[in-house]
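The letter at position 14 of the sequence shown is residue 287 when you use UniProt numbering, and the numbering goes up by one with no holes.
Built from N, CA and C at the ideal position, the CB exists for glycine as well.
Bear in mind that the values here come from a model prediction, so they are computed numbers and not experimental data.
These notes concern the structure reproduced below.
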Amino acid sequence: AEESLRQMQKMEAVGQLTGGIAHDFNNMLAVVVGGLELARRKLREEPADAERHIDNAMEGANRASALTRRLLAFARSEPLLPSAVSADKLITGMVDLIDRTIGDQIRVELHKDAGGWAIFVDRHQMENAILNLCVNARDAMEGRGVLTISTSRATLTEGEIGECPEGDYVLLSVGDSGCGMTPEVLARVFEPFFTTKPIGKGTGLGLSQIFGFVRQCQGEIRILSQPGQGTQVQLFLPRRIVEGEGSAPVTLSPAEAET
Ligand code: ADP
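Written as structure tokens, this is what we have:
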């Protein structure tokens, strides 16, 4: 039963993406077909023009193939296996990977203040989300700056943050001193396939996937960003409550939380 629930969650995530995918894929094919049609017309009289149209078609085809590659990787992903995870411990375990990923010109600052508070997530999915945010931060800083990863405890009242019900949350945030976002970009970042990055660099799936993941955990994502002022992405994730155990929140022992 648990396996089929996981399968269903995965299908739901895929379903959420489907509308956007069909639309974007169609647009890419239109570029390919249109380019080839124009090229065929110009082939005899203006070969230079024809070549330009073929290049455009190739670009569209490359975009489409990058998209399907990304989708295949997504579909092949491991089944979800949520468990009680200490946010602080998770970050500690990722430091080396993050350092290697973002390069040595970027300074990484960690502030771990969630104590033993646990969240109920699939560990790999959570790690992917954090790494994704770090890669976005790196790209925004063009190789130079400060990346701040922090965790803290947040007790929210109803309506304080988005749709979050009143309760205890772990706040995990990833901040950077990068280029920041214009209000126009900020308004669209959760759209599947929205990207401002060149072909091959961005898929526009990072933040939309993280959005789906956070919502699945009954959490909320908030982004604070201004052009030239850097960006802070905040994930509010509900503190783990164990069903049928007097609704006791999980606090991991210091040993569990730190190793
Ligand atoms: P991708 O990184 O593949 O473009 P995302 O969904 O992760 O896809 O991000 C969408 C867009 O949001 C990016 O192309 C970029 O314009 C903007 N963005 C995301 N994170 C940041 C950040 N930390 N600083 C500035 N802009 C960002």
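{"Asked": "heavy atom of the ligand NAD below 8 Å from leucine 478 C-beta", "Found": "Ligands present in the displayed structure are limited to the ligand ADP, and the ligand NAD is not among them."}
{"Asked": "Nearest-angstrom beta carbon gap, leucine 302 and valine 394 [assumed within contact, 8 Å]", "Found": "About 37 Å; that fails the 8 Å criterion."}
{"Asked": "8 Å contact criterion, which lysine 470 and aspartate 412 should meet: CB distance rounded", "Found": "7 Å"}
{"Asked": "Under the three-state DSSP convention, the category isoleucine 472 falls into", "Found": "coil"}
{"Asked": "Residue interval of the alpha helix (DSSP H) (run including leucine 420)", "Found": "That residue, leucine 420, is in no alpha helix (DSSP H); its beta strand (DSSP E) goes 418-429."}
{"Asked": "Close-in-space but distant-in-sequence residues of the same chain around arginine 513 (CB under 7 Å, 5 per side omitted)", "Found": "Ala357, Ala391, Ile392, Phe393, Pro522, Val523"}
{"Asked": "beta-carbon cysteine 372 near the ligand ADP non-hydrogen atom, thresh 8 Å", "Found": "With the sequence shown as reference, residue 372 is identified as aspartate, and cysteine is not the correct amino acid for it. No, the Cβ of aspartate 372 stays beyond 8 Å of every heavy atom of the ligand ADP."}
{"Asked": "Residues of its chain near serine 463, where Cβ-Cβ distance is below 7 Å and the 5 sequence neighbours each way are ignored", "Found": "It should be noted that the sequence gives phenylalanine, not serine, for residue 463. The answer, listed in chain order, is Leu480, Ser481, Phe484."}
{"Asked": "Candidates Arg417, Glu318, Arg325, Arg495, of which the one nearest valine 381 by Cα", "Found": "Arg417"}
{"Asked": "Bridge partner(s) assigned by DSSP for aspartate 449", "Found": "Leu420, Thr504"}
{"Asked": "Coarse secondary structure for aspartate 322, derived from DSSP in three states", "Found": "helix"}
{"Asked": "Whether glycine 448 touches threonine 504 by CB criterion (9 Å)", "Found": "yes"}
{"Asked": "Segments assigned beta strand (DSSP E), at least 3 residues, entirely inside the stretch 388-420", "Found": "391-395"}
{"Asked": "Opposing strand residues paired with serine 356 [DSSP bridges]", "Found": "Val394"}
{"Asked": "Boundaries of the alpha helix (DSSP H) in which arginine 488 is found, first to last residue", "Found": "479-489"}
{"Asked": "Inter-residue spacing [alpha-carbon to alpha-carbon] between leucine 383 and isoleucine 422", "Found": "5 Å"}
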